[in-house]
Structures are given as C-alpha cells and as structure tokens.
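Residue numbers (our numbering): -2 to 284.
All residues carry an ideal CB built from backbone N, CA and C; glycine is no exception.
Everything numeric in this text was worked out from a predicted model, so none of it was measured.
Notes to accompany the following structure.
Written out as structure tokens, the structure reads:
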C-alpha cells in the first residue's frame, strides 16, 4: 500500500530530475510514519488496557478511540515535516485532532460513574481462557489496528505535495458538516438525558427528529471529509477504504446495529423508527 501511495508522489518529471531520490525519500518517510503510528497506538492501547483492568471496566477503550486518532495526527505532523504540502498536512491533522479530542472528552465525561458497557460485558462473557488476554486482543489491539487503517488519509496527507485548493476546501466543508452534526447531536442527547422528566422516553427532537443517529452520520462525514482532502491524487484515492470502513463500522458493525438491538425493547421505539430515517437526515414522516 505504502509503495503504491508514494510511487506517484513527485510525479514523472520530478523523478527524472532527481533520479528518483525524492520519491524514494518520501517512500521511506511514509513507511516510518506508518510504523511509528502503529507503535504509538500499541503503547496507547496497552496503557488503556491497564487502566480498564484496574477499573474493571473495559469500556474505557472508547475514550482511547478518539485519543488514538489524535495521536496518529500528531505523529504525522511531526514526521512529515519537509515532505508534503504543510497547509494540507496541518489542516488534515488538525481537524482529525479536534474531532478525536472532542470525542474522547465527551465519552470520558459520559462514562464517569458508569458501569461496564453491555457490548463489552457480552463480548467478554464469551472469552475463551483468560478474560484479560481476550480483552487485550479483541477490544484494545483490534481497535488500535482499526484506528491505524482508518487514519490512512490523515497520514497520507502529510506526504502529498501542494497545492490542494479544491479537495481541501471540499474536505473541510464535509468535515465541518459532520463535526457539527456529531457535536450538536451529542449535546442535544446529553441535555435530554439530564432531565429526569425524560427518563424512559425516546429522544426525538432536534437533529434526532431527522435521523436516529445524527452522531454516527456526523462521524462518517468527518472521515469522508478527511478523505476528500487527499482525493486530488490517484494514490490519495487509494485511501478510499478508510472512510468506507468507518461508515460500515457505524452502520452495520458495532454502531447502529448493536444499539438498535437494545433499543427495540423501549416503549415508543417502533413508532420512532417508523417515522425517522435510520442514518441519512431526512424530514420526519408524519405520525
């Protein structure tokens, strides 16, 4: 993957001009970026595993999720200096960091005093042998690998030459749409849950009247936006599996599918699901 990505970085004329040295240097630098990002994520996930083991609550890995993306972005900014377009690098890594930190802080504050997430309790109840080893392998290291793969557009942005006017502008616009959907949706849901009068009720106001998962829709848009920032290059297009993977995780993986399976038992859920779009925001249907 790295070879394919960087083989076309400098373009044919640059390769002819310097005997391929620039492309080779970029290839080596990108390989180092990938390796250092992987190592940093392994250390991060190992640290969060120790925290989760100490607390007896492995849902702390959800805080590591956003933190990991921010960590990869910082690694990329540091290691890619002198290779890619600095504007594209800083914008892509900066926006990935903002998204990751906000998500980590939001989930961390939501988890205060909470018990183990039912998803992880159910998963670890089926652990063959040591629960700790199973948790480290299937909860922490697996998510670390996903972070590394999904962050490929951000890592690639550090090694793409400029200028990148239209893809950067389009990417920022899509990122901003997604970030606002996710942040506003989370804030609306938090206010709804904080009101004791809403206990046992279904949130169907604000953005939640247009989609059952405004935060997941926003999350997907964030990563499609980051992908667009590198989409002006054929090898940037090779990172397409990253936003596709994030979207699939949210819609058919551990996101919507597991959440809605638990919500089906709630009074009023069937009516809410009937009149509200599952993912893409659409005007609510009449009751």
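Spatial neighbours of residue i within its chain, please: CB distance less than 6 Å, with the 5 preceding and 5 following residues excluded, ordered by chain position.
i, result
"residue 240", "220, 221, 224"
"residue 287", "Nothing can be reported for residue 287: it is not among the residues displayed for the chain, which extend from -2 to 284."
"residue 279", "none"
Could you compute how far the alpha carbon of residue i sits from the alpha carbon of residue j?
i, j, result
"residue 283", "residue 181", "24 Å"
"residue 200", "residue 151", "34 Å"
"residue 260", "residue 211", "16 Å"
"residue 275", "residue 21", "46 Å"
"residue 159", "residue 85", "7 Å"
"residue 229", "residue 91", "19 Å"
Leaving out five residues on either side along the sequence, give the residues of the same chain with a beta carbon under 8 Å from the beta carbon of residue i.
i, result
"residue 76", "26, 29, 30, 33, 155"
"residue 138", "39, 42"
"residue 272", "281, 282, 283, 284"
What would DSSP say about residue i, mapped onto helix, strand or coil?
i, result
"residue 67", "helix"
"residue 108", "coil"
"residue 81", "coil"
"residue 199", "coil"
With distances taken from CA atoms, which of the options is nearest residue i?
i, options, result
"residue 245", "217, 233, 257", "217"
"residue 238", "147, 94, 69", "147"
"residue 171", "37, 82, 93, 264", "93"
"residue 269", "121, 248, 207, 251", "207"
"residue 105", "60, 51, 143, 37", "60"
"residue 157", "163, 81, 197", "81"
"residue 203", "185, 48, 226", "185"
"residue 48", "119, 126, 132", "132"
Spatial neighbours of residue i within its chain, please: C-beta separation below 7 Å, excluding the five flanking residues on both sides.
i, result
"residue 195", "189"
"residue 130", "none"
"residue 183", "103, 212"
"residue 56", "108, 113, 114, 117"
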